[in-house]
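All residue numbers for the sequence shown refer to the numbering used here, where the first residue is 349 and numbers rise by one.
We treat Cβ as the ideally placed atom computed from N, Cα and C, and that holds for glycine.
All remarks here apply to the structure that follows.
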Amino acid sequence: MFEKFTWNVNSDQVYSQKYGSQFTNMNTINGLDKAVGKTFTMNAGFHQYVVKPSEDITSIYWDESSVIEVLSGRFVLDFSRGKDSSAIIRAQNIKIGGAKDLDASFEIQGCYNFHTDGSISIKSNGTLYINSLQNHFRFGDVHQTVNLENNAKLSISANNTSATTCFVNGPIELNDESYAELKVATLTHDENTIYSLKDSANLWVYADEITSTKQETIFNLHSGKTQISICGFTNEYCDITSLGKGNADTPKARFNFTKKDGKNEGQIILSCSFNMGETETNLGALMFWLAANEMLCIDGNPANISDFNFNFDNDFLVISLNN
Numbered sequence: 349m350f351e352k353f354t355w356n357v358n359s360d361q362v363y364s365q366k367y368g369s370q371f372t373n374m375n376t377i378n379g380l381d382k383a384v385g386k387t388f389t390m391n392a393g394f395h396q397y398v399v400k401p402s403e404d405i406t407s408i409y410w411d412e413s414s415v416i417e418v419l420s421g422r423f424v425l426d427f428s429r430g431k432d433s434s435a436i437i438r439a440q441n442i443k444i445g446g447a448k449d450l451d452a453s454f455e456i457q458g459c460y461n462f463h464t465d466g467s468i469s470i471k472s473n474g475t476l477y478i479n480s481l482q483n484h485f486r487f488g489d490v491h492q493t494v495n496l497e498n499n500a501k502l503s504i505s506a507n508n509t510s511a512t513t514c515f516v517n518g519p520i521e522l523n524d525e526s527y528a529e530l531k532v533a534t535l536t537h538d539e540n541t542i543y544s545l546k547d548s549a550n551l552w553v554y555a556d557e558i559t560s561t562k563q564e565t566i567f568n569l570h571s572g573k574t575q576i577s578i579c580g581f582t583n584e585y586c587d588i589t590s591l592g593k594g595n596a597d598t599p600k601a602r603f604n605f606t607k608k609d610g611k612n613e614g615q616i617i618l619s620c621s622f623n624m625g626e627t628e629t630n631l632g633a634l635m636f637w638l639a640a641n642e643m644l645c646i647d648g649n650p651a652n653i654s655d656f657n658f659n660f661d662n663d664f665l666v667i668s669l670n671n
């Protein structure tokens, strides 16, 4: 017989295998908060802990220096009981995965806003799912890092509206065979956002528009067979003119291939348009635009078009180094 688990705001807690799998309807306002410095750790093997907050729970605060960690098992917050445009989650530090040969997942379904100002660490067999996002997701900080290792996975998926936005602030690192997908109408980068991919890491962006509010965004492809794919959210294509030169006459985003740290077989795959028009398949026009806006770099420096290979695969522009 498994023990009953009760969430405690003011205590460090471990959800272990002795609790088995549990499904809980949470009706207490602030009942899922965690006080400053308090932790929730799930290490439940193959078991799951599913919590369905009521419509009266409109916010969940995991305060400064608190940690939510899922080593093994499945932790789910399901807001299907709540009203539309209600649930707001504010988190600090999230850690997922790392237990040998055991899966770990943290899933948030149907929340309105999700903010995290701390670090996100996803390791071997770990997954963070944010499903059916209604308004926006904001994560990262210029002093914090989103880090994925081994076969870790990050998936942020909005509901089918044009109002959803993902705000990214700070560095995002994908290593080994890790995978990340961002599915939102608008992807907005604050401060100096840098994506760094190594080994066989894979990043998919599904967005109708990608913007940078301050400094330029860098997409780094390091050694290995990395891949960055960008296409539309409500359409098949993304408006790449949103990545072009801003008021400072510098591009709002750059794709940077590194050669100095080993063989680079990385690819950039784009399904794109100009000014929200139809899918652009004119190779000459795309190459000219990328060159004019200094979008392609090698080891941090704008490079010549002749340094790259360009080809189309089912209306997707594939760009790689001309090794």
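Residue environment, residue i, which counts as buried when at least 16 other CB atoms sit within 10 Å
{"i": "residue 384", "result": "exposed"}
{"i": "residue 468", "result": "buried"}
{"i": "residue 531", "result": "buried"}
{"i": "residue 574", "result": "buried"}
{"i": "residue 651", "result": "buried"}
{"i": "residue 390", "result": "buried"}
{"i": "residue 433", "result": "Its pLDDT being 49, under 50, residue 433 is placed unreliably by the model, and the measurement read from it follows with that caveat. Classification for residue 433: exposed."}
{"i": "residue 352", "result": "exposed"}
{"i": "residue 654", "result": "exposed"}
{"i": "residue 428", "result": "exposed"}
{"i": "residue 610", "result": "exposed"}
{"i": "residue 526", "result": "buried"}
{"i": "residue 628", "result": "buried"}
Residue i, DSSP secondary structure in three states
{"i": "residue 380", "result": "coil"}
{"i": "residue 633", "result": "helix"}
{"i": "residue 561", "result": "coil"}
{"i": "residue 367", "result": "helix"}
{"i": "residue 349", "result": "coil"}
{"i": "residue 535", "result": "strand"}
{"i": "residue 524", "result": "coil"}
{"i": "residue 655", "result": "helix"}
{"i": "residue 590", "result": "helix"}
{"i": "residue 435", "result": "coil"}
{"i": "residue 640", "result": "helix"}
{"i": "residue 585", "result": "coil"}
{"i": "residue 360", "result": "coil"}
Residue i vs residue j beta-carbon contact at 8 Å
{"i": "residue 544", "j": "residue 568", "result": "yes"}
{"i": "residue 518", "j": "residue 492", "result": "yes"}
{"i": "residue 587", "j": "residue 549", "result": "no"}
{"i": "residue 464", "j": "residue 435", "result": "no"}
{"i": "residue 379", "j": "residue 355", "result": "yes"}
{"i": "residue 456", "j": "residue 425", "result": "yes"}
{"i": "residue 656", "j": "residue 668", "result": "yes"}
{"i": "residue 377", "j": "residue 416", "result": "no"}
{"i": "residue 499", "j": "residue 473", "result": "yes"}
{"i": "residue 556", "j": "residue 533", "result": "yes"}
{"i": "residue 535", "j": "residue 558", "result": "yes"}
{"i": "residue 374", "j": "residue 407", "result": "no"}
{"i": "residue 350", "j": "residue 363", "result": "no"}
Interface flag, residue i vs chain D, CB-CB below 8 Å
{"i": "residue 551", "result": "The structure shown contains no chain D; it is built from a single protein chain."}
Q | Length at least 3, wholly inside the segment 456-494: the beta strand (DSSP E) runs in chain order | A | 461-464, 468-470, 474-481, 484-487
Q: Indicate whether the contact test is met: 3 or more Cβ pairs, each with one atom in the segment 632-644 and one in the segment 580-587, closer than 8 Å.
A: no
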